[in-house]
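Protein chains in written order, with numbering that gives the first Met the number 0: chain A, 0 to 290; chain B, 0 to 445. Glycine included, each C-beta is placed from N, C-alpha and C at the ideal position. Since the model is a prediction, treat every value here as computed from it, not as a measurement.
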Amino acid sequence: MRGSKRSKLLIIILFLSPALIFLVVFMFYPFIMNFINSFYKSDGFIESTFIGLDNYRRLINDDTIKIAVKNTYEIMLYVCLFEVGIAIILATMVDSITKGQKFFRTVYFFPIVISATAIGMMFKLVYSYDVGLLNTLMESLGQERRNWITVKSAVKMVSIPIVWQYIGFYFIIILTAIKQIPKDLYESAYLDGINGFTKTIYITLPLIRNVIITCLILAINGVLKVFDMVLVITEGGPLNQSQILGLYMYKKAFADNAFGYAASISVLIVVLGLLTIFIVNKIFKKETITY
Amino acid sequence: MKTSSKIMALILAVSLICVLAVGCGGKEPANENTANVENNNDTEKQQDNNTKADKKVELRIATMFGGTDPSTETFEQSLEDFMNDHPNVKIKNESMTSVGDEFRTKVKTDFSSGNEADITFFYTGADVKAIINSNKVMPYEEIWEKYPEVGKDITDGIKNSVKEFDGKLYALPLTGFYEGLFVNKSMFEEYDLELPTTWEKFQTAVEVLKENDIVPFAGPIAQSHYMIEHFVLSQAGAEGHLDVFEDGIPEEWVTAFNNIKDLYEKDAFAKDSLVMDIEMAQNLFKQEKAAMILEGSWFIGGCEDELKDKMAIIPMPAASDKMDPTSIVAGFSSGYYVSRSSYEDEDKQQAVIDLISYLTSADQIKAIATANGGSPSANVEIEGLHPLYIEGHKMVANAKTLNMPIDSRLTPEAFNVLVKDGVPFIVEGQKTPEEVLETVKETNER
Chain A
0 MRGSKRSKLL IIILFLSPAL IFLVVFMFYP FIMNFINSFY KSDGFIESTF
50 IGLDNYRRLI NDDTIKIAVK NTYEIMLYVC LFEVGIAIIL ATMVDSITKG
100 QKFFRTVYFF PIVISATAIG MMFKLVYSYD VGLLNTLMES LGQERRNWIT
150 VKSAVKMVSI PIVWQYIGFY FIIILTAIKQ IPKDLYESAY LDGINGFTKT
200 IYITLPLIRN VIITCLILAI NGVLKVFDMV LVITEGGPLN QSQILGLYMY
250 KKAFADNAFG YAASISVLIV VLGLLTIFIV NKIFKKETIT Y
Chain B
0 MKTSSKIMAL ILAVSLICVL AVGCGGKEPA NENTANVENN NDTEKQQDNN
50 TKADKKVELR IATMFGGTDP STETFEQSLE DFMNDHPNVK IKNESMTSVG
100 DEFRTKVKTD FSSGNEADIT FFYTGADVKA IINSNKVMPY EEIWEKYPEV
150 GKDITDGIKN SVKEFDGKLY ALPLTGFYEG LFVNKSMFEE YDLELPTTWE
200 KFQTAVEVLK ENDIVPFAGP IAQSHYMIEH FVLSQAGAEG HLDVFEDGIP
250 EEWVTAFNNI KDLYEKDAFA KDSLVMDIEM AQNLFKQEKA AMILEGSWFI
300 GGCEDELKDK MAIIPMPAAS DKMDPTSIVA GFSSGYYVSR SSYEDEDKQQ
350 AVIDLISYLT SADQIKAIAT ANGGSPSANV EIEGLHPLYI EGHKMVANAK
400 TLNMPIDSRL TPEAFNVLVK DGVPFIVEGQ KTPEEVLETV KETNER
């Protein structure tokens, strides 16, 4: 008996150790090093001086950080409302059709396989004043050309491709969850006279609630990592009005050579991410429905 | 669990660990852009060469002559020729394109991790300061004590111009750059305008071109690197341009930024100038939708011959009498570095010296200058260049002062404050030049 227990334990260790090594080497170690670096004035390569909490003091007084935090949460709101929202609508609609489901799955999922940089370039061209698709359309409709990316509209304009790219991802997750709901639940509801929109509101959505929360958490996490799309489309401008945390950290590290300060921004990103997800979990915490 | 399943599980787990171990192995990093130039030629030439009789030596070289750089082909041919002449030397070419920050990051990472190439072609100034401070590159003064012939073809004036903060020379340059005002002559002729050689002519051109629905000036406000250089130079003159705020905020710099604001308010820039990048501004000029652009010598290479025939290059017009009308921004901002570890390696020293001497010889400088159109660092004559290149070289030759760009004197962060958190806010009236320059000063001193 004891030998069997020991061999089971050995198998567990053998199976879990590669993943654990990966996590320690590529996640925990860099994070701890990053946290340590945030107390240094560093060019990231050769020169490094301990400066205590100076980077964090600078973080508190940095006006651009305030704009970046505000914009990051604004994009988070758009992502929760539109990315996950449109995915739910599309998933319920595709679930209700009998023919062509595979076609819609492929079409809606397609943008995810394109790199964010390519999508950024595409949207940059779409918004371009001189050769942009939108202005060409405006002209063909007899309208004046206009600047699509302005101080007021910059965040919204960069949010559109961010939202658009990942709708398909959440669509697939939600559609799969809907498919797991037993058919007899719908059949008995149908006998009770519930159908169409009410069926979605009272049966489908409550039963996939946990999946929707998971999607929201993934979407919120995703926004904290965004930087490439904004870098390509606006570089955080004009006047820093589309600056976001991920991009600001990247610029401080690789354009300004202020790696220590960039490390403190990444600590802020981790703290805000954990805090936001904790709040989301608290808000949506409810008894799980099993079927 | 069945015995066979246990065995399978064990094999799977061990395989995973093996994969991990192999993945983390210490194999020399391979660069995707690396073009390994192998020595296939075993001809026995130049018997008198020092390295010929020596044992096999492998050298690594990292340069910016990779990717789409116009010098790539010439450089790779040079390495092949060198290896043909030195059969015992094998060169591993780790060159990359300089577009983006990847090459900078590669070189700095290599130096900080002790994996530096034997010879590196890299920037001078602020970029290399930390590497010099870490004592990982050789000052040529030390090399010349034993090998006085190294880099002998490069003119003394140019060698002096790339000396670093400690007065020593660490990089031997090949070609230099210059910046100036590129003008579409045919547009100026069409509207009967004189070339903008004075501030008044420049202002008149802006007015007339704007009235005729032509973008007078292709200037990307949020990437205003060249605009900052030239507007400061035209207002503060060559001496004022060198100021790094040691005596406070210079008044001329304030006026220079107000000059940019003034042009912005007069609609001298494109309507989307606040969000356009350098490439978009270049396209505007290349498509002949804009009449003027401030750019560097490398810009010529990207223009079609048909457009080159219509172009002229002149110094930025003087906005005040402090600027000599011939003054330009130009210089030599990159060169070959020899790593200390390679030089001090007895097995490699001779091969490194032979290679650096060969790469900085007049013939090689001429070959690279012919390929990229830059100003050669040696007294050589470049043939077959488009007249626009010759015009550029003449502008350099006529210049009474050649100033290096402002970013060579400010920290990258301070200069980026000027570009990103400065000019766009100034032209939009959200910050004054004084406020911006004060922040730049603080950031530079941080």
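Check whether chain A comes within 7 Å of B:A317, counting only Cβ atoms and requiring the distance to be less than that. Walking along the second sequence from the start, residue 317 of chain B turns up at place 318. So, not an interface residue.
Return the residues of the segment 104-127 of chain B that lie within a Cβ-Cβ distance of less than 8 Å from chain A, sorted by chain order. T104, K107, T108, F110 and S111
Would B:K270 count as contacting chain A if we go by Cβ distances under 7 Å? Position 271 of the second sequence, counted from the first residue, corresponds to residue 270 of chain B. For B:K270, the answer is yes, since a Cβ of chain A falls inside 7 Å of its Cβ.
Taking a contact to mean a Cβ-Cβ separation below 7 Å, would you say B:E193 touches B:K184 in this structure? Position 194 of the second sequence, counted from the first residue, corresponds to residue 193 of chain B. Position 185 of the second sequence, counted from the first residue, corresponds to residue 184 of chain B. No, Cβ-Cβ distance for B:E193 and B:K184 is not below 7 Å.
Do you know whose CA, among B:V435, B:I213, B:N211 and B:W297, lies nearest B:Y225's CA? For the purposes of this step, residue 225 of chain B is taken as the residue at position 226 of the second sequence. Considering only alpha carbons, the answer is B:W297.
Kindly list, in the order they appear in chain B, the residues whose Cβ is closer than 7 Å to that of A:T48. On the first sequence, residue 48 of chain A is found 49 positions in, with the first residue counted as 1. By Cβ distance, chain B contributes nothing, its closest Cβ being about 11 Å from A:T48, past 7 Å.
Nearest-angstrom Cβ-Cβ length linking B:P423 and A:L238, presumed shorter than 8 Å: Within the second sequence, numbered from 1, the residue matching residue 423 of chain B stands at position 424. Within the first sequence, numbered from 1, the residue matching residue 238 of chain A stands at position 239. Between A:L238 and B:P423 the Cβ distance is about 5 Å, and since that is below 8 Å, they are a contact.
By Cβ distance below 7 Å, which residues in the same chain neighbour B:L451 in space, the five residues on each side in sequence not counted? Nothing in the structure corresponds to residue 451 of chain B, since chain B is present only between 0 and 445.
A:A261: contacting residues in chain B (beta-carbon distance under 8 Å): Position 262 of the first sequence, counting from 1, holds the residue named residue 261 of chain A. Neighbours of A:A261 on chain B: none; closest Cβ ~11 Å, over 8 Å.
Could you tell me whether any Cβ in chain A is nearer than 7 Å to the Cβ of B:E31? Numbered from 1 along the second sequence, position 32 holds the residue referred to as residue 31 of chain B. Note that B:E31 scores 38 on pLDDT, short of 50, meaning its location in the model is unreliable and no value can be drawn from it.
Applying the criterion that 16 or more other CB atoms from any shown protein chain within 10 Å of the CB defines a buried residue, is A:M92 buried or exposed? What you label residue 92 of chain A is simply residue 93 of the first sequence in a count that begins at 1. Counting Cβ neighbours within 10 Å, A:M92 comes out exposed, since fewer than 16 surround it.
For B:V328, write down the residues that DSSP places opposite it in a beta bridge. Looking up residue 328 of chain B in the second sequence gives position 329. Its beta-bridge partners are B:N402.
Could you tell me whether the Cβ of A:D227 comes closer than 7 Å to any Cβ of chain B? Position 228 of the first sequence holds residue 227 of chain A. No, no contact with chain B.
Would the beta-carbon of B:I60 fall within 7 Å of that of B:A116? Locating residue 60 of chain B in the second sequence gives position 61, counting from the first residue. Locating residue 116 of chain B in the second sequence gives position 117, counting from the first residue. Their beta carbons are under 7 Å apart, which means B:I60 touches B:A116 by this criterion.
Using the Cα positions of B:V141 and B:I131, report the straight-line distance between them to the nearest angstrom. Here residue 141 of chain B corresponds to residue number 142 of the second sequence, with the count starting at 1. Here residue 131 of chain B corresponds to residue number 132 of the second sequence, with the count starting at 1. Checking the sequence, you will find Glu at residue 141 of chain B rather than Val. Answer to the nearest angstrom: the Cα atoms are 14 Å apart.
Give the C-beta separation of B:E57 and B:K105 to the nearest angstrom, bearing in mind that I take them to be a contact with Cβ-Cβ under 8 Å. Translated into positions along the second sequence, residue 57 of chain B becomes position 58. Translated into positions along the second sequence, residue 105 of chain B becomes position 106. About 19 Å separates the two Cβ atoms, so there is no contact after all.
Cβ-based burial, A:S95 [other Cβ within 10 Å; buried from 16]: Numbered from 1 along the first sequence, position 96 holds the residue referred to as residue 95 of chain A. A:S95 comes out exposed.
In the DSSP assignment, find the unbroken alpha helix (DSSP H) run with A:Y55 in it and report its ends. Along the first sequence, read from residue 1 onward, the residue named residue 55 of chain A stands at position 56. Counting along the chain, the alpha helix (DSSP H) containing A:Y55 begins and ends at D53 to N60.
Check the C-beta distance from B:A280 over to B:P219 and give it rounded, since I have them as a contact under 8 Å. By one-based count along the second sequence, residue 280 of chain B stands at place 281. By one-based count along the second sequence, residue 219 of chain B stands at place 220. B:A280 to B:P219, Cβ: 4 Å. Contact.
So that I know if they touch, is there some Cβ in chain A lying closer than 7 Å to that of B:S94? What you label residue 94 of chain B is simply residue 95 of the second sequence in a count that begins at 1. Judged by the 7 Å Cβ criterion, B:S94 is not in contact with chain A.
Under 8 Å between beta-carbons, which chain A residues line up against B:F424? List them in chain order, please. Translated into positions along the second sequence, residue 424 of chain B becomes position 425. Per Cβ cutoff of 8 Å: L238.
For the segment 5-88 of chain A, which segments carrying the alpha helix (DSSP H) assignment without a break, of at least 4 residues, lie completely within its bounds, in sequence order? 28-36, 53-60 and 62-77
Closest to B:Q286 by C-alpha separation, out of B:I213, B:E93 and B:S77, would be which residue? In the second sequence, the residue the question calls residue 286 of chain B occupies position 287. It is B:I213.
So, with DSSP's three-state summary, where would you put A:P110? Counting from one through the first sequence, the residue named residue 110 of chain A turns up at place 111. A:P110 falls in the helix class under three-state DSSP.
For the beta strand (DSSP E) holding B:A290, just list the boundary residues, first then last. Within the second sequence, the letter at position 291 stands for residue 290 of chain B. Unbroken beta strand (DSSP E) run through B:A290: A289 to G295.
Residue-level contact to chain B via CB, A:Y249, 7 Å cutoff: For the purposes of this step, residue 249 of chain A is identified with residue 250 of the first sequence, where counting begins at 1. So no, A:Y249 is outside the interface.
So if I threshold CB-CB distances at 7 Å, which residues from the segment 134-163 of chain A count as touching chain B? N146 and I148
Assuming B:E189 is part of the alpha helix (DSSP H), what are its boundary residues? As a position in the second sequence, residue 189 of chain B is number 190, starting the count at 1. Looking at the DSSP string, the run of the alpha helix (DSSP H) that includes B:E189 is K184 to E189.
Can you name the start and end residues of the alpha helix (DSSP H) that A:V231 belongs to? The sequence position of residue 231 of chain A within the first sequence is 232, counting from 1. Note, A:V231: alpha helix (DSSP H), D227 to I232.
Is it buried or exposed, A:G141, if we count other Cβ atoms within 10 angstroms and call 16 or more buried? Locating residue 141 of chain A in the first sequence gives position 142, counting from the first residue. The residue in question, A:G141, is exposed, as its Cβ has fewer than 16 Cβ neighbours within 10 Å.
With a threshold of 16 other CB atoms inside 10 Å of the CB of B:E303, please say whether the residue is buried or exposed. In the second sequence, counting from the first residue as 1, residue 303 of chain B sits at position 304. The residue is exposed, with fewer than 16 neighbouring Cβ atoms inside 10 Å.
What is the C-beta distance between B:A125 and B:T410, in whole angstroms, given that I count them as a contact (C-beta under 8 Å)? Position 126 of the second sequence, counted from the start, is the residue given in the question as residue 125 of chain B. Position 411 of the second sequence, counted from the start, is the residue given in the question as residue 410 of chain B. Confirmed, about 6 Å.
DSSP three-state assignment for A:N256, whether helix, strand or coil: Taking the first residue of the first sequence as 1, we reach residue 256 of chain A at position 257. Looking at A:N256 - three-state DSSP - the assignment turns out to be coil, as it is neither helix nor strand.
Strand pairing of A:V154, partner residues [DSSP]: If you number the first sequence from 1, residue 154 of chain A lands on position 155. In DSSP, A:V154 forms no bridge with anything.
Whose C-alpha, out of B:D165, B:I299 and B:E390, is nearest the C-alpha of B:A370? Here residue 370 of chain B corresponds to residue number 371 of the second sequence, with the count starting at 1. B:A370 has its Cα closest to that of B:I299, out of B:D165, B:I299 and B:E390.
Please name the residue, chosen from B:K399, B:E427, B:G428 and B:E434, that lies closest to B:V416 on a Cα-to-Cα basis. Taking the first residue of the second sequence as 1, we reach residue 416 of chain B at position 417. The shortest C-alpha separation from B:V416 is found at B:E434.
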